[in-house]
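Residue numbers (the working numbering): 111 to 500.
This report refers to the structure that appears directly beneath it.
Rendered as C-alpha cells:
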C-alpha cells in the first residue's frame, strides 16, 4: 500500500528561526499578511516580536487576535470576515498563524473558507480539502499539535457541540517556522498537555492501520525526542536542549500522524473536548493509558517498539516485558505531569454518563477508531468511556 505524504514546502527549524519571516514572505511573493493569533500572545509579547520583524522589513500587516482555545465555527467565520475585508494597503496576500494548534487550525480553515465560500461542515470529513486560498505561514508557540506540518484541522460546530475533522492537501501550510525559543515561557500545564498530545500522535501513528515506513521513522524519532525530555520541560521550563528536543519531536509526530492518521485515543478525545471543554492534549492524556491497554494485544510488536523508543523498555526486554514497561511508564508520566481524571477535572458525573451514547456515535463517525489496531465495537467504546471516568 502506498502512502501520500504532504508537508509544507518551506520548513525553517531552530533557535532564531522566527527572524526569517521576512525572507520567507519574499520567497512566497507576499508583502501584506494578516496575522492570526490570540490576545494572550499579545500580552506576553510574542506577536510584538513578529510585528517588529515585519516593520523592520517594511512589510504591511494587520492582526486578527479573536481566536479561541478549541476553536468554534463562529470564531473561524469572524476570521474569514477579517480576511476578506483586507487592510488599508489592499487585499491580504498571506496568512501568518502564530500560536498553538487552535490558532493554526483556525488560520488554515479561514484561508480555505475565505476563498471557497464553503462552510466548515462542507469541508469536513469525508470531504477532501483541495488546495485553495492564501498561503499560510504557521509559527507554533507550543510543542504539541504538529498542526504546522499537517493536512488536518479540527473545528467545533457550536450548534451541536461536535468537533469536525477537516483533512486534505488544502490544509497544508505553505511554510512553517519551528523556533523552540517561542516555547520557553510556556506554563507547566500547557507544556504537559501539548507534550502528551505530541507523544500520543507519535504512538498512534506507529500503531495505526495506515502506518507506513516513512511515517514509522518520523514517529519513532519523535518518541525518542519527546520521551526522555517531557518531564524535564515540565519541571525545568528554561531547559533549552529539552525544549528543542520536544519541539522537534512534536513536529516529527505531526508529520507522522498526518501521513498515517491517528486512532482511538483521538477518536474518543474529540467528543470529550467538544461537550466538556477539556483541552485537546489533556483529554488525550486522560485516555492514553486505558486505550493503550485495550489495544496492546492487537499490535504487540509495534507497541513494544514504542516502549523502546520512548525509553521505557531496555534493549534486552522481550515483547511482554516491553508492554509491561510501556503501561507502567505511561501511567508514571501521566502522574508526574499531574494529569487529572475526568472526575478530577470537575465534569459532572451524571451529564458525562448521559452523554456517552452521543460521544460513542461521534467518535465512530470521525473514522479515527477504525485506524486502531483493535477496532472497538460501540459497546466496547462505551465501556472505555466509562473506564476512564475516574
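Beta carbons: idealized from backbone N, C-alpha and C, even for Gly.
By the criterion of a C-beta distance shorter than 6 Å, residue 289 is surrounded in its chain by 127 and 128, once the five residues flanking it on both sides are discounted. Taking the C-beta atoms as reference points, residue 131 is found nearer than 9 Å to residue 287.
Listed as beta-bridge partners of residue 174 by DSSP are 146. If you draw a straight line from the Cα of residue 469 to the Cα of residue 399, it comes to about 19 Å. A Cβ-Cβ distance of about 15 Å is found for the pair residue 265 and residue 389, leaving them out of contact under the 8 Å criterion. With a cutoff of 9 Å on beta-carbon distance, residue 118 and residue 258 are scored as near each other. A direct Cα-Cα distance of roughly 27 Å separates residue 137 from residue 152. Using a Cβ-Cβ distance cut-off of 8 Å, the region 334-351 and the region 305-319 are in contact, since at least three pairs of beta carbons, one from each stretch, lie closer than that value. For residue 250, no alpha helix (DSSP H) encloses it; the enclosing beta strand (DSSP E) starts and ends at 246-250. Exclusion of the five residues before and after residue 374 leaves 401, 479 and 482 as the residues of its chain whose Cβ lies within less than 6 Å of its Cβ.
Annotated as distal: residue 208 and residue 252, with beta-carbon spacing of 9 Å or more. Between the C-alpha atoms of residue 499 and residue 356 there is a straight-line separation of about 29 Å.
The C-alpha of residue 349 lies about 43 Å from the C-alpha of residue 269.
Fewer than three beta-carbon pairs drawn from the region 359-368 and the region 400-415 are found closer than 8 Å, and the two stretches are therefore not classed as touching. Setting aside the 5 residues that flank it on each side, residue 440 is surrounded in the same chain by 398, 399 and 402, each with a C-beta closer than 7 Å to its C-beta; the list follows chain order. If the five residues before and after residue 200 are omitted, its C-beta is found closer than 7 Å to the C-beta atoms of 142, all from its own chain and listed in chain order.
Judged by DSSP in its simplified three-state form, residue 294 adopts coil rather than helix or strand.
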